[in-house]
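Peer 1: So that we are looking at the same thing, I have put the structure below in structure tokens.
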Amino acid sequence: MSKTEADYLKKIQIWWLLKDMKNRLIKEGEIFWGENGSEGSIGYKLWLTPDFPRLALSYTVGEEKKEIKYVIPIIQTDCNFGSTRFWFQCSLYKNGERCGRRVGVLYKTGDYFGCRYCHELTYRTRNQNTSSAHHGLYECVKLSKKMEDLQEKVKRFTWRGRPTKKYRRLLQIQARLEGYYRALDAAGELGPKE
Ligand SMILES: [Zn+2]
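Basically the numbering used here = 1-based index in the sequence shown + 1344.
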């Protein structure tokens, strides 16, 4: 299996997708990469309706413009203090089994979007002169890995009305991660763009 570097990939980040969803449950549109979609674009429709929150994607691939349509479930988790978090649930199959991982970013390799595990991404700092943005991306990956490991370990979120130690750690990492992503996005290092 060849490995792919994540920085060249198209990606969809949940926080980006949700940033104008405060007062609505459904939206649809297109996601572009590159200048005016020079690197590609996809159509999407997003539902945050409680029955089945989901993201539907549709686009064409290859010379023959094969049409691809599928749905990625969105998982909602309750945080303390009344807030809610959303995640993509990776819908790719490997060896006949659905991945199902809860992730904040989907990457495209080949024809589909899925989590980084499924795509066996590798990230590396290229050399000492890597731009700070690339370094940031590398940090992001380390942090997301940490966060995902922690997510598996967090058995309970509160104990006697207070966030547990592991859960507090998770929230801290999450906040750092979001900070990185925002910085990277501002630096123009990450798609998608509207
Ligand atoms: Zn996956």
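Glycine included, C-beta positions come from ideal geometry on N, C-alpha and C.
Is arginine 1446 near ligand 1 - that is, is its Cβ less than 7 Å away from at least one heavy atom of it?
Peer 2: Within the sequence shown, numbered from 1, the residue matching residue 1446 stands at position 102. No.
Peer 1: Consider the C-beta atom of cysteine 1443 and the heavy atoms of ligand 1; say whether any pair is separated by less than 7 Å.
Peer 2: Indexing the sequence shown from 1 puts residue 1443 at position 99. Yes - ligand 1 has a heavy atom lying nearer than 7 Å to the Cβ of cysteine 1443.
Peer 1: List the endpoints of the continuous beta strand (DSSP E) containing leucine 1399.
Peer 2: Position 55 of the sequence shown, counted from the first residue, corresponds to residue 1399. It spans 1398-1405 - the beta strand (DSSP E) in which leucine 1399 sits, taken as one unbroken run.
Peer 1: Does the beta carbon of leucine 1436 fall short of 7 Å from some heavy atom of ligand 1?
Peer 2: For the purposes of this step, residue 1436 is identified with residue 92 of the sequence shown, where counting begins at 1. True, at least one ligand heavy atom lies under 7 Å from that Cβ.
Peer 1: Run through DSSP, which three-state label would serine 1385 get?
Peer 2: Within the sequence shown, numbered from 1, the residue matching residue 1385 stands at position 41. Three-state result, serine 1385: strand.
Peer 1: Alpha carbon to alpha carbon, how far is aspartate 1364 from lysine 1510?
Peer 2: The residue labelled residue 1364 in the question sits at position 20 within the sequence shown. The residue labelled residue 1510 in the question sits at position 166 within the sequence shown. Taking the straight line joining both Cα atoms gives about 30 Å.
Peer 1: Buried or exposed: which applies to serine 1402, given that a residue is buried once 16 or more other Cβ atoms fall within 10 Å of its Cβ?
Peer 2: In the sequence shown, the residue the question calls residue 1402 occupies position 58. By the 10 Å Cβ count, serine 1402 comes out exposed.
Peer 1: Which of the three DSSP states is assigned to arginine 1446 in this structure?
Peer 2: One-based indexing of the sequence shown puts residue 1446 at position 102. The DSSP-derived three-state label of arginine 1446 is strand.
Peer 1: By the three-class DSSP mapping on this structure, what secondary structure does tyrosine 1511 have?
Peer 2: Stepping through the sequence shown from its first residue, residue 1511 is reached at position 167. Residue state, collapsed to three classes: helix.
Peer 1: Going by Cα to Cα distance, which pick from Lys1413, Lys1410, Phe1432, Tyr1414 is closest to glutamine 1420?
Peer 2: Locating residue 1420 in the sequence shown gives position 76, where the first residue counts as 1. The shortest Cα separation from glutamine 1420 among Lys1413, Lys1410, Phe1432, Tyr1414 belongs to Phe1432.
Peer 1: Mapping the DSSP letters down to three states, classify aspartate 1422 as helix, strand or coil.
Peer 2: Translated into the one-based positions of the sequence shown, residue 1422 becomes position 78. Note: aspartate 1422 maps to strand in three-state DSSP.
Peer 1: As a quick exercise: from Gly1384, Leu1514, Val1405, Leu1494, pick the residue whose alpha carbon is nearest that of isoleucine 1375.
Peer 2: Counted from its first residue, the sequence shown places residue 1375 at position 31. Considering only alpha carbons, the answer is Gly1384.
Peer 1: In this structure, how does DSSP classify glutamate 1496 when only helix, strand and coil are distinguished?
Peer 2: Position 152 of the sequence shown, counting from 1, holds the residue named residue 1496. Helix.
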